[in-house]
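Structure first, then comments.
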Amino acid sequence: MTAPGENPFAALGVTATQQTLYLTLLYNPGSTLGELAGMSEAPRPRLAALLLEMEDLGMISAEGAAGVAGAGGAAAPADRAYTAHPPDAVVETLIRKRETEFIRARIEAKRINGDLLAAEQRSNPERLVEVIDGLDAVIQRYEQVQRAAVRHVKAIDKPPYAVDPVSPNAIERERLANGVEYRAIYTPEALAIPARMELAREDSGFGERARILENPPAKLVIVDDEMALMPLRGDDPGITALIRPSTLLDILIEVFDTCWEQATPLRFDDESGPVDVWPRLSEADRHLLTLLAAGLKDEAVARHTGMGARTVSRHVARLLRTLNARTRFQAGVHAARRGLV
């Protein structure tokens, strides 16, 4: 409910005077300028200007020809009959108008920010790379860059971690729901962490596109191809660099894209695979191959599947023969590339 005297359209760029005139027309449809002047204390030229403004906003419409000139020389209405549009239609029109203005403002802010950043980088090239020292600071910046994403987040996921590797990334799921694309390349070491595979499965259900790759060159997060986070020491995520637009960032983007092309899609046992593909594999075989591609050992595979370690070894040996593969990882990769998982 709106309290008496409040302007419910203020947030949409409507002044209190416009709102008062709009309400007058709602209850007195078809009124002319002369009739409105008799119902208002505002001067006639001011009313004429307000009516023109409200037409531009899409709040009212008029029938009849324009007449006398108003303030500023603008064509002011004379004998036109004015009618207010329904409030719900007016609100939708004003919201769309404001959304368009917000988008333009965001684009202009990005342009100005880009100009300022380019100028600053020319005068202060050290700003191209910011060193973030300390786990708390790294976690905070990681959350900030994700929240800033509007198009996509690309990540190479490998130990060690600054955050708990088996805790859901709430920001990722929030951004996925808002249309931001997430592409993640996992290493076998990452998915060998207990419960990490299940977390990857859940994230896939939320829309994350996941692949697996052995020995990618670095742990990496790239946001909108405009900034990147990368640990400066592979064994210490507490010292991380924030890289802004530069040749270095271009190289990191190319590194990720190359790794993504080389990586194998990560599939889970509850995802439907292609049919009528030789050799025929059961759902259990497909799940086992996914775990093999992740680099899990027999004991870890046994925990994931509920089988005994010896049973896992027998199944692995059979799949290696079937796929003509020398190693477990190779079996998983070959199966994925041939569409078997």
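Number 341 marks the last residue of the sequence shown (UniProt numbering); no jumps. We put the beta carbon where it would ideally sit given N, CA and C, even for glycine.
- Query: Does DSSP put Pro274 in a helix, in a strand, or in coil?
  - Reply: Taking the first residue of the sequence shown as 1, we reach residue 274 at position 274. Note on Pro274: pLDDT 34, under 50, position unreliable in the model; the coordinate value appears next. Here Pro274 sits in coil by DSSP.
- Do the stretch 289-305 and the stretch 219-228 make contact, defined as three or more Cβ pairs closer than 8 Å? no
- Query: For Ala75, which three-state DSSP category applies?
  - Reply: In the sequence shown, counting from the first residue as 1, residue 75 sits at position 75. With a pLDDT of only 46 at Ala75, under the threshold of 50, the placement of this residue in the model should not be trusted; the figure read from the coordinates follows. Strand, per DSSP.
- Kindly indicate which three-state DSSP category Pro8 falls into: helix, strand or coil? Along the sequence shown, read from residue 1 onward, the residue named residue 8 stands at position 8. Note: Pro8 maps to coil in three-state DSSP.
- Enclosing alpha helix (DSSP H) for Met307 [first to last residue]: The sequence position of residue 307 within the sequence shown is 307, counting from 1. Here Met307 belongs to no alpha helix (DSSP H), and DSSP marks it neither H nor E.
- Item | 8 Å Cβ cutoff met for Glu172 and Asp203 | Working through the sequence shown from its first residue, we reach residue 172 at position 172. Working through the sequence shown from its first residue, we reach residue 203 at position 203. For Glu172 and Asp203, yes; Cβs fall inside 8 Å.
- Query: Anyone know if the C-beta pair for Ala149 and Arg211 falls short of 8 Å?
  - Reply: Taking the first residue of the sequence shown as position 1, residue 149 is located at position 149. Taking the first residue of the sequence shown as position 1, residue 211 is located at position 211. Not a contact, by the Cβ cut-off of 8 Å.
- Task: Check Ser167 in the structure and name its three-state DSSP category.
- Result: For this step, residue 167 is matched to residue 167 along the sequence shown. In this structure, Ser167 counts as coil in the three-state DSSP scheme.
- Task: State the DSSP-derived secondary structure class of Gln18, mapped to helix, strand or coil.
- Result: To locate residue 18, count along the sequence shown from 1; it is residue 18. If DSSP states are grouped into helix, strand and coil, Gln18 belongs with the helices.
- Message: Please state whether the Cβ-Cβ distance between Val9 and Leu94 is less than 8 Å.
- Response: If you number the sequence shown from 1, residue 9 lands on position 9. If you number the sequence shown from 1, residue 94 lands on position 94. As written in the sequence, residue 9 is Phe, which differs from the Val given in the question. It is a contact, given that the beta carbons lie within the stated cut-off.
- Rounded Cβ spacing between Met230 and Ile243 (contact assumed at less than 8 Å): Counting from one through the sequence shown, the residue named residue 230 turns up at place 230. Counting from one through the sequence shown, the residue named residue 243 turns up at place 243. Between Ile243 and Met230 the Cβ distance is about 7 Å, and since that is below 8 Å, they are a contact.
- Query: Going by DSSP, which residues form a beta bridge with Leu242?
  - Reply: Working through the sequence shown from its first residue, we reach residue 242 at position 242. Beta-bridge pairing links Leu242 to Glu130 and Leu229.
- Query: Buried or exposed: where does Thr240 fall if 16 or more other Cβ atoms within 10 Å of its Cβ makes it buried?
  - Reply: To locate residue 240, count along the sequence shown from 1; it is residue 240. The residue in question, Thr240, is buried, as its Cβ has 16 or more Cβ neighbours within 10 Å.
- Query: So, helix, strand or coil for His85, using DSSP?
  - Reply: In the sequence shown, the residue the question calls residue 85 occupies position 85. Coil at His85, not helix or strand.
- Any contact of the stretch 20-32 with the stretch 50-59, i.e. 3+ C-beta pairs under 8 Å? yes
- Query: Pick from Leu50, Asp236 and Leu36: whose alpha carbon is nearest that of Thr15?
  - Reply: Residue 15 sits at position 15 when you count from the first residue of the sequence shown. Considering only alpha carbons, the answer is Leu50.
- Query: What are the boundary residues of the beta strand (DSSP E) that includes Tyr186?
  - Reply: The residue labelled residue 186 in the question sits at position 186 within the sequence shown. First-last of the beta strand (DSSP E) with Tyr186: Glu181 to Tyr186.
- Task: Please specify which runs of the beta strand (DSSP E), each continuous and at least 3 residues long, are wholly inside the stretch 22-66, giving them in chain order.
- Result: Counting only runs of 3 or more residues that sit fully inside the stretch 22-66, the beta strand (DSSP E) segments are 60-63, in chain order.
- Per-residue DSSP class, three states only, for Asp257: To locate residue 257, count along the sequence shown from 1; it is residue 257. In the structure shown, Asp257 sits in a helix (DSSP, three-state: H, G or I).
- Query: Which class does Leu220 belong to by DSSP, given the choice of helix, strand or coil?
  - Reply: Taking the first residue of the sequence shown as position 1, residue 220 is located at position 220. DSSP places Leu220 in strand when its eight states are reduced to three.
- Message: Quick check on Pro194: buried or exposed, where buried means 16 or more other Cβ atoms within 10 Å of its Cβ?
- Response: Sequence index remark: in the sequence shown, residue 194 carries index 194 (1-based). With fewer than 16 other Cβ atoms within 10 Å, it is exposed.
- Task: Please report how far the alpha carbon of Tyr182 lies from the alpha carbon of Pro43, in whole angstroms.
- Result: To locate residue 182, count along the sequence shown from 1; it is residue 182. To locate residue 43, count along the sequence shown from 1; it is residue 43. So the two alpha carbons sit approximately 58 Å from each other.
- Message: Whole angstroms are fine: how far does the CA of Val312 sit from the CA of Leu281?
- Response: Within the sequence shown, residue 281 is the residue found at index 281, counting from 1. Within the sequence shown, residue 312 is the residue found at index 312, counting from 1. The alpha-carbon atoms of Leu281 and Val312 are separated by roughly 16 Å.
- From Glu208, Ala170 and Pro29, pick the residue whose C-alpha is nearest to that of Ala155; which is it? Mapped onto the sequence shown, residue 155 falls at position 155. Considering only alpha carbons, the answer is Glu208.
- Limits of the alpha helix (DSSP H) - the one that Arg141 falls within: The residue you call residue 141 lines up with position 141 of the sequence shown. For Arg141, the enclosing alpha helix (DSSP H) starts and ends at Leu135 to Arg147.
- Using the rule of at least 16 other Cβ atoms within 10 Å of the residue's Cβ for burial, across every protein chain shown, is Ala190 buried or exposed? Counting from one through the sequence shown, the residue named residue 190 turns up at place 190. By the 10 Å Cβ count, Ala190 comes out buried.
- Message: Quick check on DSSP: helix, strand or coil for Val153?
- Response: Working through the sequence shown from its first residue, we reach residue 153 at position 153. Val153 falls in the strand class under three-state DSSP.
- Item | Residues that Ala210 bridges to, as DSSP identifies them | Working through the sequence shown from its first residue, we reach residue 210 at position 210. For Ala210, which the question treats as bridged, DSSP gives the partners Ala184.
- Message: Short of 8 Å in beta carbon distance, which residues of its chain neighbour Ile139, apart from the five on each side in sequence? Order them along the chain.
- Response: The residue labelled residue 139 in the question sits at position 139 within the sequence shown. Answer for Ile139: Ala162 and Val163, listed in chain order.
- Query: Rounded to a whole number of angstroms, what is the C-alpha to C-alpha distance between His304 and Glu214?
  - Reply: Reading the sequence shown from its first residue, position 304 is the one you call residue 304. Reading the sequence shown from its first residue, position 214 is the one you call residue 214. Rounded to the nearest angstrom, the two C-alpha atoms are 20 Å apart.
- Message: Rounding to the nearest angstrom, what Cα-Cα distance links Arg267 and Val301 in this structure?
- Response: Sequence index remark: in the sequence shown, residue 267 carries index 267 (1-based). Sequence index remark: in the sequence shown, residue 301 carries index 301 (1-based). The straight-line gap from Cα to Cα measures roughly 15 Å.
- Taking the C-alpha atoms as reference points, what is the distance between Val166 and Arg141? For this step, residue 166 is matched to residue 166 along the sequence shown. For this step, residue 141 is matched to residue 141 along the sequence shown. Going by the C-alpha atoms only, they are around 20 Å apart.
- Item | Proximity below 8 Å, CB of Ala218 to CB of Gly295 | Position 218 of the sequence shown, counted from the first residue, corresponds to residue 218. Position 295 of the sequence shown, counted from the first residue, corresponds to residue 295. No, the Cβ-Cβ distance between Ala218 and Gly295 is not below 8 Å.
- Short Cβ contact (8 Å threshold) for Asp88 with Pro160: For this step, residue 88 is matched to residue 88 along the sequence shown. For this step, residue 160 is matched to residue 160 along the sequence shown. Contact flag unset, no.
- Task: Report the option in Ile132, Val153, Thr83 and Cys259 whose CA atom is closest to the CA atom of Leu176.
- Result: Here residue 176 refers to the residue found at position 176 when the sequence shown is read from its first residue. It is Val153 whose Cα lies nearest to the Cα of Leu176.
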